[in-house]
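Letter by letter, the sequence shown follows residues -24 to -1, 1 to 620 in mature numbering (1 follows the signal peptide of the UniProt record, and there is no 0). Following: one structure in structure tokens, then a few remarks.
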Amino acid sequence: MYLYYSIRFIVIFLLLCNLTVVHGVQNCSWIITDDDQVETKDIHCLQYSRFSVDCQSSSLPILYDDNPVDKPKTFKVEVNWVRVSISGSEWQMPQIEFTWTPPESGGSLNRLTGFLINAECFSVAHCSKASFCIMFVLRYDNSFKLQDRNLTFKWKSPPLNINYSAYEFELYSLPKLESLLKSEHKIYRLNIPGAAKIKDTQGTSETPNDTSPSDAHQTTIPPIIDPQVTPETDLTSSVVHQTTVPSTDAPQVNIDVPVNIAVSVTATLMCAAGIIFLAYLLYRKKTNKAVIVGHLQKKSILILNAEDHQHHVESVKQLVLFLQDECHCLPIYPPFCLKEISHLDYKDWMLKTLDTVDYVMIVDSEASYYLMEAESKNNSYKYHPITSTGNLFTDFMKEVFKESKNTESLDRYIMVSLDHTSSEFYLPAFPTNHCYKIIQQIPDLVKYIHHQTPELDTHPQLQDVVTKSIDDFDTGKSLKDALYKAAKFEKSNVTWFSERFGEPYGRVYENRDSGIGSFIRHEHNTEDIRRIDSEPQFQTDVGEESNDSTGAGVDEHGWFPPDIVSSYSEATVDQISFVPPETLSEMETKSLSPSIYMGNMNARYEAAVNDMKEKDKNMISTSDRLNEKDETDYYSNLKDTTWC
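Below you can see the structure in the form of structure tokens.
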């Protein structure tokens, strides 16, 4: 890392040392404005002025690259007329105004080092001295950022002492290809009248020819002139020289500017200092002496996941602990933030969190995929959350989607998936490239979070997590064990999703009481009434085998008989819910006679009732234990949860 910065430092200052032999260099005289036409002076650069024939000479610091940046987005050239007073006479001279905007892509902006304008005169003889090029090169302490793509650059040439000429202007982004000057660039063509003595104050203008090619603009502005008198001007001189001899050739234009000797001396001294500094760093590296580095700042990460099953939730919990203990992160995990969420509306808490965190991490899984797919179709799943915030996943995700639409970049959104999760369950909502497998790609994830690029040495505080095995950490072992159990559970229970979540149903409907008590079902089985075939809790052995295609404990239409419903105490009345109408509509195709649902009250039903009571008792006990247990105790090994 230090060697890279040292070499970069030396190269830049060696470039500055070249100022001792380059003429025509000064601070950039361009004007930079933003969208609101407010002028900015934050971008500093050096401006080189040469004749066009010298535009590719070694005396200019032209930056070449086999992978050039994109050409500027727009380029416009206009001719203005300025008056120059010479010995009591007014002279009119053309002044060229260039306006352009930088490339749009973020990659090109990050690598952009400047611009090159080449003005080529080609319509008259001996006009090579009227051709010139201007190069703008950023100073070493400046660079373009993504927000700079909305800037507008403007530069005006000095008044030009030229005859009537046709010009071709070429604008390049730097670095550019070395092979041809006419590579990726913007072209603009103009016919420019020559400098002339003013006889009156009137003039005419013409609009560009619509038949011209879209890449070339033709403009002719004939001035009111005395054709026998044309001044010759040295553009570097503060005084415009007068001549009474008519000029027939292009003038000898000298646009060199002497370099201040102090700049040369300063650059030379800085080059020497850079070489000494590089030698010192190489010496330290050779003697294995550590170089002091800055403190690594912790990154805050909001982590959202669906609760597929208990093993999946435990895996995410262990990932949170690993990020906190080993990866120099401040995880914000909703189940750990119950106190903070309870003080605010959950939407307000989510919006506040999104405004402050560095990253948003979303865990891809089968449940997250199907829950969000159902949400997009205005459907829902009925399931029991494992944590107190488990039923808020889709609500949290909707706020994340809204927030992401208002951001220019999705770089702070990270998608992760457990190693055993199939790619078919990846959420398609975020077109981000920052996707990682846990545990396989944890080193890459940590490097991205802390901006550790391949060109830089990994920060010492991250060396262990990047280079060591996951088994070398206690939290890493716990994470690996949790993922193993989750993968084994899903592999050995291929129908786990349908057993836990059932089928989606529309949320917008009218619940209607049919008048038949057997239509009522218990809350704990709301997701199972329409999936009798896959529900094991109604299977019994009562000495006879049912010929029905449905499971035991329900009749041929999938309903509980009345005695099962009445077996519940009155205390459970508030927990009773009605069957969604899509099931009722299916039943309406058959007879709704109460005798169908009140018949067959044999030993099969009694066994089913006893089995259901026992399972409901266990389920209620487990649910009460999870809800009443302090979740801060359940996650007792979490530290530093104040970032909620």
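The beta carbon of each residue, even a glycine, is placed where N, CA and C say it ideally should be.
With fewer than three CB-CB distances shorter than 8 Å, the stretch 315 to 326 does not count as touching the stretch 449 to 458.
Taking C-alpha positions only, L347 is separated from L299 by approximately 26 Å. CA-to-CA, the gap between A255 and A248 works out to about 11 Å. For F74, the closest of D10, Q417, K132 by C-alpha to C-alpha distance is K132. The beta carbon of D420 lies closer than 7 Å to those of Y412 in the same chain, with the five residues before and after it left out. The DSSP-derived three-state label of G82 is helix.
Counting the other CB atoms within 10 Å of its CB gives Y40 a total below 16, which places it among the exposed residues.
D46 has its alpha-carbon roughly 20 Å from the corresponding atom of C31. It is roughly 40 Å from the alpha-carbon of L459 to the alpha-carbon of S81.
Beta-bridge analysis with DSSP links A95 to F108, F145. By the criterion of a C-beta distance shorter than 8 Å, L438 is surrounded in its chain by L272, C303, H304, V422, K423, H426, Q428, once the five residues flanking it on both sides are discounted.
Taking C-beta separations shorter than 6 Å and ignoring five residues to either side along the sequence, the partners of L278 in its chain run I308, T329, V333, V336, following chain order. One alpha carbon belongs to D440, the other to E290, and they sit about 24 Å apart. With respect to D457, T397 sits apart: the two C-beta atoms are not nearer than 7 Å. The beta carbon of D387 sits closer than 8 Å to the beta carbons of T408, H410 from its chain, once the five residues preceding and following it are set aside; these are given in chain order. In the DSSP assignment, A172 forms a beta bridge with Q68. Membership of I317 in the alpha helix (DSSP H) is indicated by the continuous run 314 to 319. Comparing alpha carbon positions, the residue from T244, F401, I72, I110 closest to N137 is I72. A check of alpha carbon separations from S445 across Q417, P436, T434 identifies Q417 as the nearest. Boundaries of the beta strand (DSSP E) harbouring W131: 128 to 132, taken from the DSSP string. Around the beta carbon of D284, a 10 Å sphere encloses 16 or more other beta carbons of the protein chains shown; the residue is thus reported as buried. The stretch 9 to 26 and the stretch 49 to 60 do not touch, with fewer than three beta-carbon pairs separated by less than 8 Å. Taking C-beta separations shorter than 7 Å and ignoring five residues to either side along the sequence, the partners of V442 in its chain run P419, V422, K423, T434, following chain order. Around the beta carbon of S5, fewer than 16 other beta carbons lie within 10 angstroms, which makes this residue exposed. Fully enclosed beta strand (DSSP E) runs of no fewer than 3 residues occupy 411 to 414 of the stretch 405 to 466, in order along the chain.
Per DSSP, the beta-bridge partners of I308 are L278. One alpha carbon belongs to G478, the other to H319, and they sit about 33 Å apart. For K52, the three-state secondary structure derived from DSSP is strand. Annotation: the stretch 352 to 403 contains the following complete segments of the alpha helix (DSSP H) (minimum length 4 residues), in chain order: 369 to 381. Put simply, the backbone Cα of K374 is about 57 Å away from that of T242. Rounded to the nearest angstrom, the gap between the Cα atoms of T363 and L394 is 20 Å.
By the beta-carbon neighbour count (other beta carbons within 10 angstroms, threshold 16), S344 is buried.
Judged by DSSP secondary structure, F27 falls within the beta strand (DSSP E) whose first and last residues are 21 to 27. Remark: C-beta atoms of I168 and P70 approach each other more closely than 7 Å. Residue range 322 to 332 is occupied by the alpha helix (DSSP H) that includes T332.
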